Structures are given as structure tokens and as C-alpha cells.
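Undergrad: Chains as they are written, first to last, in numbering that gives the first Met the number 0: chain B, 0 to 343; chain Y, 0 to 343; chain E, 0 to 343; chain A, 0 to 343.
Shown below is the structure under consideration.
There are 4 protein chains.
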Amino acid sequence: MIRFECDYAEGAHPEILALLEKTNVEQTPGYGLDPYCEEAKKYIKKACENDEIDVHFLVGGTQTNLTVIASILKPHQGVIAAVSGHIYTHETGAIEACGHRIITLDSSDGKISAAQIQKVCEQHDKDVNKEHTVQPGMVFISNPTEHGTIYSKQELISIKEVCKEYGLPLYLDGARLGYGLVAEENDLTLADITELCDVYYIGGTKIGTLFGEAVIIRNEKLKKDFRYHIKQRGGMLAKGRILGIQFLQLFKNNLYFDISLHAIKQAKRIKQAFQEAGYDFLYDSPTNQLFPILPVQKVEELSKEYAFIRWEELSSEKVVVRFVTSWMTREEDVSKLIEDILKD
Amino acid sequence: MIRFECDYAEGAHPEILALLEKTNVEQTPGYGLDPYCEEAKKYIKKACENDEIDVHFLVGGTQTNLTVIASILKPHQGVIAAVSGHIYTHETGAIEACGHRIITLDSSDGKISAAQIQKVCEQHDKDVNKEHTVQPGMVFISNPTEHGTIYSKQELISIKEVCKEYGLPLYLDGARLGYGLVAEENDLTLADITELCDVYYIGGTKIGTLFGEAVIIRNEKLKKDFRYHIKQRGGMLAKGRILGIQFLQLFKNNLYFDISLHAIKQAKRIKQAFQEAGYDFLYDSPTNQLFPILPVQKVEELSKEYAFIRWEELSSEKVVVRFVTSWMTREEDVSKLIEDILKD
Amino acid sequence: MIRFECDYAEGAHPEILALLEKTNVEQTPGYGLDPYCEEAKKYIKKACENDEIDVHFLVGGTQTNLTVIASILKPHQGVIAAVSGHIYTHETGAIEACGHRIITLDSSDGKISAAQIQKVCEQHDKDVNKEHTVQPGMVFISNPTEHGTIYSKQELISIKEVCKEYGLPLYLDGARLGYGLVAEENDLTLADITELCDVYYIGGTKIGTLFGEAVIIRNEKLKKDFRYHIKQRGGMLAKGRILGIQFLQLFKNNLYFDISLHAIKQAKRIKQAFQEAGYDFLYDSPTNQLFPILPVQKVEELSKEYAFIRWEELSSEKVVVRFVTSWMTREEDVSKLIEDILKD
Amino acid sequence: MIRFECDYAEGAHPEILALLEKTNVEQTPGYGLDPYCEEAKKYIKKACENDEIDVHFLVGGTQTNLTVIASILKPHQGVIAAVSGHIYTHETGAIEACGHRIITLDSSDGKISAAQIQKVCEQHDKDVNKEHTVQPGMVFISNPTEHGTIYSKQELISIKEVCKEYGLPLYLDGARLGYGLVAEENDLTLADITELCDVYYIGGTKIGTLFGEAVIIRNEKLKKDFRYHIKQRGGMLAKGRILGIQFLQLFKNNLYFDISLHAIKQAKRIKQAFQEAGYDFLYDSPTNQLFPILPVQKVEELSKEYAFIRWEELSSEKVVVRFVTSWMTREEDVSKLIEDILKD
């Protein structure tokens with residue numbers, strides 16, 4: 000069985016494991032105050048082209064989302080997000096457990112627009128009983144989204160403008176950020192993201208590490224006391240250097256982007272095969288997640304040798320499936336899959 | 000500088016790193032549903048001599064404490080703990096952030112007694128305004144405690160009896176459980192702990208792993224839906240097998256207890272040296288944390304070559320310090336330290 | 000200006016004020032433990048035809064909703080409700096502030112169906128990643144709904160059956176319960192409500208009292224420790240008898256139903272006038288809230304002498320408005336309004 | 000049985016009931032946006048000698064405390080309070096339920112000192128692991144305290160200075176504020192309190208109203224969005240005018256202070272009788288709560304005709320009891336009590 004179910008099926012990039020092993024017996028201070036974390040932060044700041052940002056390393060995505068969001072919102076505020084956003088669909092109510100509503104916006108492709116955000120805020124502002132309703136307090140987007148789509152620079156600028164108008168911090172969930180940044184259709188740089196978002200995270204779990212997400216805080220007001228929040232929510236790793244070492248290896252020689260590109264290239268090969276075979280896609284994803292619409296029979300055939308997700312039953316004959324590539328996807332596995340996609 | 004500051008200064012036991020590397024390119028399901036987690040659970044159940052327990056792997060101690068406690072208590076309930084308990088002193092109010100008070104009991108050595116628990120519960124029960132006060136809902140102890148002391152079997156049995164009388168689940172924080180179980184003065188087995196506690200955790204972070212704590216739930220009523228709680232609090236590792244692999248290695252060949260014993264032997268050597276040199280101890284610890292009371296001058300001398308914690312200033316002349324050994328402590332480092340302790 | 004904006008524009012029924020005055024200098028224990036609360040509970044139990052229920056008096060609706068819901072749900076659970084439910088639209092995220100998501104169901108008329116609840120629960124149960132999502136933990140309905148509609152006995156029985164199947168307590172917000180029970184189209188008795196709901200409240204604020212809601216807990220499992228929850232959420236009135244006195248007066252001589260009926264009769268007169276004048280309604284409400292669709296010009300005319308709510312702008316020409324009657328609505332005011340409705 | 004158990008055993012001052020009755024059939028907007036609330040606020044601002052304050056009316060003390068505290072603190076912050084403070088002893092963990100620890104300070108008389116606050120803040124600041132501990136975020140005091148004692152102007156100024164140094168808002172619980180302000184030993188005015196506290200409340204429940212507390216917010220930063228917090232915590236009364244009417248009556252003609260003085264005069268008479276009879280007091284209270292230490296036999300004798308609280312058993316022979324006077328205490332009842340106190 001060859002797995003295209005997700006991008007976290009394997010361990011870590013071998014260079015990362017090697018550095019963990021090489022440094023294993025060294026003694027360092029705990030809780031992220033070690034030299035490896037420091038060095039990793041320097042390389043990340045360089046990649047972001049911004050020396051003023053704060054960088055923190057956390058273990059996983061849900062933990063990062065809840066810690067960031069809870070650190071920003073006041074009790075009566077909610078976070079605006081797509082109805083398909085990870086915080087709404089797959090975090091077991093983690094945000095609500097911190098006391099906050101997710102104010103959901105409809106989305107056909109995983110993205111939300113500046114106009115949608117503006118409408119919610121305008122409606123709230125003009126409501127004579129607004130004190131009886133949840134106040135929009137920040138905006139959550141993911142890039143790439145949960146549907147593999149990405150924001151254009153212009154879309155992000157527009158969202159930023161609305162956020163500014165209403166005083167809402169903009170937070171970007173970058174669980175798969177690398178895959179988005181190296182996509183052919185992408186026109187955003189890491190420096191752009193840094194400038195346009197108040198806070199975001201660069202995902203490691205899905206791109207090369209055993210685990211780990213690097214939170215970037217650009218907005219000065221959001222920096223204060225963030226380490227208290229990490230600790231309180233259970234996200235401060237005792238041996239923090241394990242996170243530092245991994246991100247150091249990812250960022251000191253461009254490894255993060257190189258392995259992201261590998262995944263995108265393999266996804267593209269698969270995408271072209273599905274297109275060649277005449278299949279449509281539910282979402283037009285330029286990244287490492289593909290959502291082809293297949294006849295039931297084709298799904299069953301492919302299921303014999305490949306693991307992938309049955310995403311949605313469109314009808315008794317058509318099924319949307321999800322194929323995901325990763326930094327570890329083997330070229331030969333993709334070649335074999337392509338052959339089977341194209342087979343009648 | 001030789002470090003005796005804590006027991007999480009290094010990486011992981013080499014056998015653990017080796018297994019991580021060996022299994023690195025395998026593809027497995029995520030979120031702890033992989034074969035390594037399954038196998039690790041089997042060995043842990045065997046070590047606990049109990050097939051009915053549920054075992055879950057989480058990343059760190061604060062995360063584990065808050066997840067377990069929040070899964071048990073109702074909103075109006077608090078958790079009884081020593082005033083020196085980790086949840087009260089070093090978790091940034093994580094328990095309160097989940098909505099619950101810590102009902103603190105005085106403690107001279109880190110332990111609490113059955114009588115203390117009984118008194119709190121009795122007072123609550125007879126209070127005519129009890130609905131205006133926090134209801135005791137569970138008991139938290141740590142073994143070894145934050146002061147290195149350990150509970151005797153009889154003490155634990157007595158606590159269990161009071162807990163039963165008042166319907167309070169008993170939870171044991173075993174961040175350093177291995178060090179406690181192999182101590183010469185200890186008369187508790189892992190099977191005893193399993194039987195006497197409703198839920199507890201076997202700490203990996205401080206005994207051999209990169210990170211990781213194994214939660215053991217014996218009480219049937221506390222098992223339901225625990226994975227929801229893990230996910231909601233951000234503790235469900237995507238590549239859950241990283242935890243499974245580490246605990247598998249720790250428990251399949253007794254490694255956990257072997258390396259715990261190493262730490263205890265080294266601690267004992269240091270303890271004897273301090274005793275021989277005529278120093279008293281703040282707490283009478285039989286485990287890997289030692290709290291000798293030293294003259295300021297001795298502290299300054301030792302500080303030149305050894306890192307350790309200045310725990311408490313007793314007077315202008317006397318300081319309590321903390322020396323900690325671990326599974327990684329080198330015998331030759333200890334020998335050198337002993338020489339310096341005994342030097343006039 | 001004659002007000003038809005809401006049903007809480009005036010003070011209390013004169014008989015209630017009279018009893019408050021008559022008992023004013025008596026000394027009683029606080030916190031709802033006085034003889035008036037006891038007596039009021041007896042009359043309410045009689046009206047509910049159930050001696051086993053627990054009755055508690057709280058001050059207001061949002062407070063009652065958050066206290067009941069937070070007392071029932073576990074951290075990973077959410078409450079199913081109509082998207083138009085008061086807890087979702089007008090309580091400033093009070094439920095989320097207690098840690099819980101509201102799982103919203105679409106509704107065209109304020110009601111939700113057994114089939115909708117079943118679908119949500121089925122989908123949750125069959126989700127292989129259900130632990131990553133919020134678990135349905137209870138059901139919230141309001142009767143009458145926020146749109147003035149009411150549940151039939153058969154609808155409520157069907158909902159109850161689904162709730163039973165999935166182990167979900169059923170909670171009914173009865174802020175306007177009296178108005179629903181005396182409506183001509185209603186086929187539910189207070190005894191039915193008591194039997195079919197696990198917990199509900201009989202609203203006083205909108206039917207005759209200065210303030211106050213009577214929570215009825217029938218489900219034995221939900222009774223325990225409820226007074227702790229009331230106190231913790233700030234809902235335990237020091238001079239609890241003020242609540243007891245009001246509900247005593249409401250229930251000892253059927254006053255609650257008599258004044259509810261008055262409101263319904265006046266609403267019916269207004270409804271008939273709108274019908275006679277040829278206007279449609281957005282919701283087909285048999286209770287004290289009416290939602291006629293009026294031409295903009297008519298709205299402007301009526302606005303000169305009557306206060307009411309502009310509910311929704313359907314187009315540039317048509318507006319939905321809300322007229323509300325109450326236990327205090329004066330017949331002569333209604334007569335004048337009818338005249339103006341019918342005027343060309 | 001004559002009751003000296005508490006100061007909320009009766010209803011409301013007759014003038015308040017009269018105004019409620021007089022205004023009963025008027026129609027007003029809800030939620031505290033009515034003319035009576037507006038007028039009451041004007042009189043309160045006048046009494047505070049400050050036109051810039053915000054005034055809000057809430058129903059009860061626990062509700063007020065939790066709403067104010069939750070509106071101020073960030074998730075990682077706690078509130079400093081005396082271990083005897085109402086929020087710690089008699090609110091069922093309401094503050095923790097909002098996510099925050101109460102950082103308790105020892106107190107022999109219910110008060111805390113500037114030096115104690117300073118020490119806690121200094122220790123936190125110099126802790127190298129401070130991010131692992133709860134950050135002090137505000138200070139809670141009550142005046143009079145739960146033991147009847149009051150702060151001097153100088154004490155309050157000193158506390159204010161420490162609060163300023165550490166950026167901590169100072170919040171005063173004035174459940175019995177009137178009784179404190181009219182005490183002979185008091186040197187604080189309402190204007191002083193307003194200037195020295197960032198936020199506080201003037202208690203009505205214990206001084207003349209059916210219920211109700213007036214929150215005064217002086218600190219500009221704490222004013223924003225407070226009505227959202229009131230609504231979210233269930234404290235926004237639908238018929239808000241009931242609160243406005245009561246505070247209007249209390250403050251338009253000095254009624255609040257007049258009736259407070261009555262209670263203090265009666266307390267003084269009782270205090271002198273206990274002194275004359277040779278009894279000591281546990282706390283030296285100049286307000287309406289007295290804590291004499293009585294022989295068991297005397298306690299039993301008095302219990303036959305008077306209701307009061309057995310506060311603490313000092314020994315098998317000596318008991319501390321609590322006698323409380325109120326705005327409603329009858330002079331003749333006090334005369335009779337005095338006679339019985341002085342009887343051998």
C-alpha cells in the first residue's frame with residue numbers, strides 16, 4: 000500500500016535526525032532558551048527579512064492556534080474564519096474551550112475575502128444591540144487553505160486593509176506554508192506574509208520535522224508575555240532545543256523550501272495525470288493536496304494499492320477523493336500512480 | 000561546566016534515537032493510532048500488570064496535568080494538591096485557565112497526607128454554605144514529589160481510602176516516577192500505583208525520551224472520550240508514533256527502570272559525600288534530587304565548575320541548593336564532584 | 000408613543016408588587032432558602048404535575064442558559080441549537096465563554112427537527128476522526144421560539160426520542176413559555192413539557208415579574224450540585240425570596256396563565272388586522288410576537304405613534320417588522336393600532 | 000427570634016418600593032438604557048465628585064466581581080487578594096471559572112498592605128522562571144472587609160502607589176461601602192475612593208435595595224466594551240430600570256448614607272454593650288459587623304432569642320460570634336439585645 004493520505008505519515012528529514020543525534024549528549028538549558036533555538040531564530044528572521052519579529056517554537060498546530068488566539072482575544076471577542084477552517088472543523092472546539100466563538104464565513108474553496116470580513120464587521124458596528132453579540136476580535140486564515148488553495152498577494156493586502164480599518168489582528172495558519180510559497184501560482188514571499196500578518200506560523204510537522212511549528216509575531220503589541228501563554232497552554236517543551244535543532248536544520252540551508260518544492264513537483268505530476276485522464280477537481284489546488292472527482296469504480300481500483308481519503312460522495316457514481324504529496328513522496332511511487340490513473 | 004541543574008538537559012537515550020532513525024521512512028497512520036503506539040501500550044500494560052488500563056501518550060507534563068484534570072472535574076470542583084505541587088507552582092495557572100481552583104494543602108516535604116485530605120472534605124461537607132465554596136473534586140499528588148520525597152505504600156493506601164470515602168479520583172503526577180520506583184527506600188511497585196491511583200502518568204521527558212508522558216487510566220469512568228480531551232487541549236501529536244516508538248524502547252526491555260537506577264546510584268554517591276562532609280539536607284530525598292544546605296563559600300566554590308540551582312537562602316551564611324542527577328549523568332562527573340564536595 | 004417593541008417594557012404585575020410590599024420588613028434567610036421560595040416551588044410542582052422535580056429561581060435568561068448548559072456539558076461537548084436560537088444570536092458568546100461550541104442547525108422558523116438532530120449525531124458517530132470534532136452533548140430549543148412559533152407535542156416527542164437514542168439531555172428555554180402554552184394552536188401542557196424535557200425554565204421576566212426565571216430539573220442526574228453552579232455563575236440572589244415571592248404570586252392562583260392569555264388575545268387582534276389589511280407574515284406565529292411584512296410607507300406611518308422593531312429589510316419597498324404584545328398591553332392601545340393598520 | 004445574622008434579611012427601603020410602584024406601568028427601553036438609569040448615574044457621579052466615570056448597574060456581588068475581574072485580566076494573569084477575600088472564600092470558584100487564579104495574601108483582619116503586594120510583585124519580577132508562574136494582574140480589596148475593618152486613606156494611597164509601580168489596576172469590592180464611609184474611624188470620602196481605585200462598586204444589596212450593585216469605572220482603559228462583559232456573564236437585567244430606580248432613590252437625597260449611618264449607630268450601641276460586659280473582639284471592627292468572643296454559656300443564652308452566626312470555636316469554652324446590624328435594624332431590638340448582653 001502506497002500512502003497519499005496525508006503529509007505526516009513519515010518521520011523527519013534525515014538531516015534533521017542527523018543533527019538531533021549529533022547534539023544528543025550536549026547539555027543545554029531547557030524551555031527554548033538554548034543556543035539552538037537562538038540560532039534557528041536568526042535564520043528564520045533572515046528568511047522573513049525582518050529582524051524585529053519574535054519567533055517561538057511550539058509542538059503542534061492545534062496547540063499553536065489555541066495559544067495564539069487565546070493570547071489575543073478578550074472574553075467578549077470571537078475570531079473570524081472560514082467555515083472550513085481547521086479551528087472550526089478539526090480541533091474539537093479548542094478555541095471555544097478557551098472561551099471564544101469562531102465567527103464563520105462561507106467559503107467555496109477554503110478562502111475568505113476582504114469583502115466578507117468587512118460585511119461582518121459593518122453589521123456588528125451598526126447593530127443597535129451589538130453588546131448582545133460576539134464582537135469580531137481577529138481574523139484567522141490558513142495558507143494554503145484546508146482545500147489546497149492559496150491567497151494571492153492582492154487578496155492578502157485587501158484583507159489586511161479591512162483588518163486595519165476594524166483593528167483586527169490578522170493571523171495566518173501556515174501548517175503547510177512551505178508548500179504554498181513554492182507553488183507556481185504563488186506570488187507571495189515569506190517577507191510579504193511577515194509584513195501583512197500580525198502573527199502567523201511556519202509549519203514544520205507537515206514539512207520535514209518530527210513535529211514543530213514556528214510562531215512569528217510581527218505586531219509589537221502581541222509580543223508581550225507570549226511565553227506565559229505557551230507555558231499555560233502546555234506548549235512549552237522542556238527540551239526546547241529539540242524544536243530549535245529541527246528548525247535550524249530546515250532554515251540554515253533552504254531545506255524547508257527545497258523539500259516543499261519536491262512535494263509540489265510530485266503533486267503537479269499527479270494533477271496532470273488526472274487532468275489528462277479527463278477528471279475534474281472539486282477545488283483548484285496549486286499545492287500538495289489534490290481533490291479529483293472520480294467515478295466510484297476508479298476509486299475502488301486505486302484503493303487496492305493506494306491509500307487516500309474519500310473526501311465527499313457527490314452522488315452514487317461520483318466521489319471526491321484527496322491525494323496528498325509530501326516532502327517524502329517517492330518519485331517512483333508517483334510514476335506508478337500516474338500509470339494507474341491513466342489506465343482505462 | 001558540569002550540569003546538575005535538572006534531569007532534562009540532554010536529548011534521548013541512544014537506543015531511542017536509533018529506533019526513531021530505523022523506523023523513520025515507514026508510513027503510519029497519525030494521531031497515536033499506529034502499530035508502535037499499540038506495541039508500546041502492550042509492554043506498559045505488562046509492566047503495570049494490568050490489561051484493562053487505557054494508555055495514552057502526550058508530549059509534556061503541564062499538558063498532561065491540565066488535560067487529565069480538566070477531563071475529570073465539573074465546573075464547581077477544585078483539585079486538592081500540596082502547596083508545593085507542580086500544578087500550583089510552575090504551570091502558569093494552567094488548571095485555573097481550565098476553570099478550576101487548586102485547593103492547596105500545606106506540606107513540609109512535598110507530600111500530603113490522608114488526614115489532610117479528610118479534613119478538607121469534612122469541613123466542606125459540614126459547611127452550611129458549602130454551595131458558596133469550591134467543592135473538592137479530585138486529589139493530585141506527585142511521586143516522587145517536587146522535593147524528591149516519595150510516598151510509602153501505606154501512605155498511598157490511606158490516601159486512597161479517604162479518596163474512596165469522598166468519591167474523589169486520585170491522580171498521580173509521575174514526571175519522575177521511575178526514579179521513585181527504583182529508590183532503595185521505596186516499597187511501591189508500578190502495579191501498586193496502577194491499583195491505587197485512578198489515573199497517573201509515567202514520565203518520559205525526565206527519564207530517557209526526547210519528550211513524552213504515558214497516561215494510565217485505570218478507573219473505568221474516566222476512560223470515556225479521553226482522546227477528545229487530548230485533541231482539544233492541543234496534546235494530540237500528528238506523528239503520534241514518535242511517542243509510541245520512544246515508550247516502546249523504554250518498556251520492552253526494562254530500559255526505563257535500568258536508566259532510572261543509574262540516576263539513583265549517582266545521586267546516592269553525591270548524597271553520601273555531602274553527608275560525609277557534614278552537611279544537612281532541607282528535605283530527606285531518596286531520589287535523584289538532593290537539597291543540601293551549604294555555607295555560602297562552599298556554594299561559590301562549587302559554582303565555578305558545576306551548574307546547580309540556588310533553591311533558598313536560609314540566612315546570610317547558609318544556602319539550600321539543588322543537585323539533580325539523571326539517566327545521563329556520567330560517573331566520572333560525579334566522582335569529580337564528590338572530590339570537590341569533600342575538599343576543605 | 001405606544002410601545003410594541005418587546006414584552007419587558009414595564010415593571011411587574013400589581014399583585015406581585017403588592018406582595019413584595021406586604022412582606023418587605025419580614026426577616027428571612029437568604030439565597031433562596033426562605034419560606035416564600037419553598038411555597039412557590041410547591042405551586043410550580045403542582046402546575047407541572049410532578050412532585051419529583053427540582054425548582055430553582057434565577058434572575059435572567061442569559062444567566063439561566065449559561066448556568067444550565069455549563070452544568071451539563073463536558074469540556075469536549077457542544078450544544079445543538081437553531082442558528083436563530085437566543086444562545087447563538089443574543090448572548091455575547093456566553094456559552095463559548097463557558098467553554099462550549101453551539102452546534103447550529105438551519106431553521107426557517109426558529110424551530111429545529113428531530114431529523115436534523117439525528118443527522119448531526121449520525122455524522123458525528125460515523126466520522127473516523129470524530130475525536131477531532133466537537134461532540135454533540137445536549138440539545139437546546141426554545142418554546143415559543145425567537146420567531147414566535149411553537150412546537151407541537153408530536154414534534155417534541157420526536158425530538159425527545161432522538162435525544163434518548165444519543166444520550167443527549169433536552170433543554171428548553173421557556174423565556175416566553177406562558178405565551179406558548181395558552182396559544183390556541185398549542186397542544187402541549189406544562190406537564191408534557193416537564194416529562195419531555197430533562198431541564199427547562201419558566202420565564203418570568205417577560206410574563207409578569209420584575210425579573211426571574213424558574214428552572215425545572217426533571218432528570219435526576221442533572222439535579223446534583225446545581226446550586227453550586229448557580230452561585231459560581233453569579234446567579235444566586237442574596238435576597239432570594241424576592242424571586243420566591245414573585246413566582247408564588249404567579250403560580251398560586253393561575254396568574255401566570257391568565258396574563259399570558261391576555262397577551263395572546265391582544266396579539267390575535269393585531270394579527271387579524273394585519274391579515275384583513277392584506278399583509279403577509281415572515282413567520283406564522285401563534286404567540287405574542289408578530290412579524291408582518293409591510294410596505295415602507297406603512298412602516299413610516301405607523302412609526303409616528305407606535306414603537307416596534309424593524310426586523311429585516313426584504314427589499315427597498317418591503318420591510319419585516321416585529322410587534323410584540325405582553326401581559327400589560329392595553330386593549331385601548333391595541334384598538335387604536337388596529338384602526339391605524341386598517342387605515343389606507 | 001430577632002435576627003442579627005446578616006444585612007440582607009429584609010426587602011428594600013420603603014422609599015425604593017414606593018418609587019418602583021409609582022413608575023411600574025411606564026414603558027421604557029430595556030438593558031439599562033432607560034431614563035432612570037441615566038438619572039441615577041448623574042446623582043452617583045455627583046456623589047463621587049467625578050463626571051468622567053462610567054457607571055453600570057449589576058444585580059449581585061459575585062456577578063459583579065467575576066464580570067469586572069474577567070474584563071480586566073489576560074489569561075496568564077491572576078488577581079491578588081486577601082485569603083479572607085470574598086472572591087476566595089464564598090464565590091464557589093467564580094474567578095477560577097473565568098480562568099484566573101486568586102493570588103492570596105495572609106491577613107489577620109481582612110486587609111492587605113502595600114508591602115505585601117509589593118513583595119509578591121517583586122518576587123514575580125525577579126523569578127528567572129517567571130513565565131512558569133501566574134503573573135499578578137490586578138489587586139482586589141474590599142472595604143469594609145469581610146471582617147468589618149476599614150482601610151485608612153493613607154493605607155489606600157500606599158496600595159495605589161504600589162499598584163501604579165507594577166501596572167496593576169486596583170479594584171475595590173464595596174458590598175458594604177456605605178457602612179464603611181459613615182464609620183467614625185473612617186477618613187475616606189467617596190471621591191477619594193473614586194480617585195484611588197481604577198474600578199469599584201457601591202453595594203446596594205446590603206444597604207437598602209432589593210438587590211443591585213453600582214460599578215464605577217474611573218480608569219479610561221477599563222471602560223471600553225464593559226457592557227459586552229456584563230451581557231456575556233449574564234448580568235444585564237432586561238428591565239434595567241429596576242436597578243436605576245433603586246439607585247436613583249438611594250442617591251438623590253443622601254438616603255444611602257443616612258441609612259448606612261443608622262446601621263453604624265446601632266452597631267456601636269451593641270459594641271459598647273459587649274465592651275461594658277467585658278468581652279473582647281476577634282477583629283476590631285468599626286462598622287456594622289461585630290465579632291465578640293463569648294463564653295459558650297452566653298452564646299447559648301443569647302441564641303434563645305437572637306439569630307447570629309457562630310463564626311469560630313476558639314476553644315471548648317470560647318466562641319467567636321458575628322452580630323450584624325443593617326439599615327433596617329430596629330432600635331428597640333438593639334435595646335433588648337443590649338439588656339441581655341449586660342445581664343449576668
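Note that CB positions come from ideal geometry on N, CA and C, so glycine has one too.
Given the structure is predicted, the values throughout are model-derived calculations rather than measurements.
Using a Cβ cut-off of 8 Å (strictly closer), state whether B/R100 contacts chain E.
TA: Yes, its Cβ sits closer than 8 Å to a Cβ of chain E.
Undergrad: Which same chain residues end up closer than 8 Å to A/L32 when comparing Cβ atoms and leaving out the 5 residues on each side of it in sequence?
TA: Around A/L32: G239.
Undergrad: Are the CB atoms of Y/G92 and A/V133 nearer to each other than 8 Å?
TA: Closer than 8 Å, so yes.
Undergrad: Taking E/A8 and A/T27 to be in contact with their CB atoms under 8 Å, please state how far apart those CB atoms are, rounded to whole angstroms.
TA: Between A/T27 and E/A8 the Cβ distance is about 6 Å, and since that is below 8 Å, they are a contact.
Undergrad: Run down chain A in chain order and give the residues with a C-beta less than 7 Å from the C-beta of Y/E312.
TA: By Cβ distance, chain A contributes nothing, its closest Cβ being about 12 Å from Y/E312, past 7 Å.
Undergrad: Using a C-beta to C-beta distance shorter than 7 Å, which residues of chain B count as neighbours of E/A96?
TA: The answer, in chain order, is P74 and G98.
Undergrad: Given 8 Å as the limit, is there contact between the stretch 71–90 of chain B and the stretch 227–243 of chain A, that is, 3 or more CB pairs closer than that?
TA: Yes, since at least three Cβ pairs between the stretch 71–90 of chain B and the stretch 227–243 of chain A fall closer than 8 Å, the two stretches touch.
Undergrad: Return helix, strand or coil for B/D332, following the three-state DSSP convention.
TA: If DSSP states are grouped into helix, strand and coil, B/D332 belongs with the helices.
Undergrad: Which of the residues in the stretch 254–287 of chain E, read from start to end, lie with their CB under 9 Å from any CB of chain A?
TA: Answer in chain order: no residues at all.
Undergrad: What distance in whole Å lies between the Cβ atoms of A/V214 and A/H344, which are believed to be in contact at a cut-off of 8 Å?
TA: Given that chain A is displayed from residue 0 to residue 343, the structure contains no residue 344 of chain A and the question cannot be resolved.
Undergrad: Along the chain, where does the alpha helix (DSSP H) that runs through B/V298 open and close?
TA: Unbroken alpha helix (DSSP H) run through B/V298: V295 to S302.
Undergrad: Of all the CB atoms in chain Y, is at least one closer than 8 Å to the CB of A/G77?
TA: Chain Y contact via Cβ: present.
Undergrad: Report buried or exposed for Y/S107, applying the criterion of at least 16 other Cβ atoms within 10 angstroms of its Cβ.
TA: Exposed: under 16 other Cβ atoms inside 10 Å.
Undergrad: Taking the alpha carbon of Y/D197 as the reference point, which residue from Y/D186, Y/D257 and Y/L155 has its own alpha carbon closest?
TA: The residue with the shortest Cα to Cα distance from Y/D197 is Y/L155.
Undergrad: Which residue from A/N185, A/P294 and A/I52 puts its Cα closest to that of A/K220?
TA: It is A/I52.
Undergrad: Can you list the residues of chain E that A/I370 reaches, using a CB-CB cut of under 8 Å?
TA: Lying before the first or after the last residue shown, residue 370 of chain A is absent from chain A, which here runs from 0 to 343.
Undergrad: Between the beta-carbon of Y/I263 and the beta-carbon of Y/Y178, is there less than 8 Å?
TA: Cβ distance < 8 Å, so Y/I263 and Y/Y178 count as in contact.
Undergrad: Would you kindly work out how many angstroms separate the C-alpha atoms of B/I43 and Y/E316, rounded to a whole number?
TA: Cα to Cα, the separation comes out at about 47 Å.
Undergrad: How far does the alpha helix (DSSP H) with A/V161 in it reach, from first residue to last?
TA: From DSSP, the alpha helix (DSSP H) with A/V161 extends over K152 to Y165.
Undergrad: Under 8 Å between C-beta atoms, does Y/N128 make it to chain A?
TA: Answer yes: the Cβ-Cβ gap between Y/N128 and chain A drops below 8 Å somewhere.
Undergrad: Could you check which residue in A/R2, A/E25 and A/F3 has the C-alpha nearest to that of E/R329?
TA: The candidate whose alpha carbon is nearest that of E/R329 is A/E25.
Undergrad: Find the residues of chain Y that neighbour B/E184, judging by a C-beta separation of less than 9 Å, and give them in chain order.
TA: The premise fails here: B/E184 is roughly 26 Å from chain Y at the closest Cβ pair, so nothing lies under 9 Å.
Undergrad: Count the other CB atoms, across all protein chains shown, that sit within 10 Å of the CB of A/L242; report buried if there are 16 or more and exposed otherwise.
TA: A/L242 comes out buried.
Undergrad: Please say whether A/G173 and A/G202 have beta carbons closer to each other than 8 Å?
TA: Yes, they are a contact pair.
Undergrad: Roughly how many whole angstroms lie between the Cα atoms of E/Y35 and E/A17?
TA: Their backbone Cα atoms lie some 14 Å apart in a straight line.
Undergrad: Which chain B residues are close to E/H131, counting only those with a beta carbon under 9 Å from its beta carbon?
TA: Going along chain B in sequence order, the residues near E/H131 (Cβ under 9 Å) are T61, T88, H89, E90 and T91.
Undergrad: Starting from B/I71, follow the alpha helix (DSSP H) in both directions and report where the run begins and ends.
TA: Residues G60 to I71.
Undergrad: Please report the residue range of the beta strand (DSSP E) in which E/I308 lies.
TA: Where E/I308 is concerned, the enclosing beta strand (DSSP E) stretches over I308 to E312.
Undergrad: Is the shortest distance between the beta-carbon of B/Q231 and the beta-carbons of chain A less than 8 Å?
TA: So yes, B/Q231 belongs to the interface.
Undergrad: Is the CB of Y/H228 under 8 Å away from at least one CB in chain E?
TA: With 8 Å as the cut-off, Y/H228 counts as an interface residue toward chain E.
Undergrad: The alpha helix (DSSP H) with A/F256 in it runs from where to where?
TA: Per DSSP, A/F256 belongs to the alpha helix (DSSP H) from L254 to E275.
Undergrad: Can you find a CB in chain A that lies within less than 8 Å of the CB of B/A69?
TA: Interface residue, yes.
Undergrad: Please state whether the Cβ-Cβ distance between A/H85 and A/W326 is less than 8 Å.
TA: No; because the gap between Cβ atoms is not below 8 Å, this pair is not in contact.
Undergrad: Residues of chain Y with CB closer than 9 Å to the CB of E/Y224, please, in chain order.
TA: Correcting the residue identity first, residue 224 of chain E is Asp in this sequence and not Tyr. Going along chain Y in sequence order, the residues near E/D224 (Cβ under 9 Å) are K73, H75, Q76, E130 and Q134.
Undergrad: Assuming E/V323 and E/C5 form a contact by the criterion Cβ under 8 Å, report the distance between their Cβ atoms to the nearest whole angstrom.
TA: 5 Å between Cβ atoms; contact.
Undergrad: Are the C-beta of Y/G166 and some C-beta of chain B separated by less than 8 Å?
TA: Answer no: the Cβ-Cβ gap between Y/G166 and chain B never drops below 8 Å.
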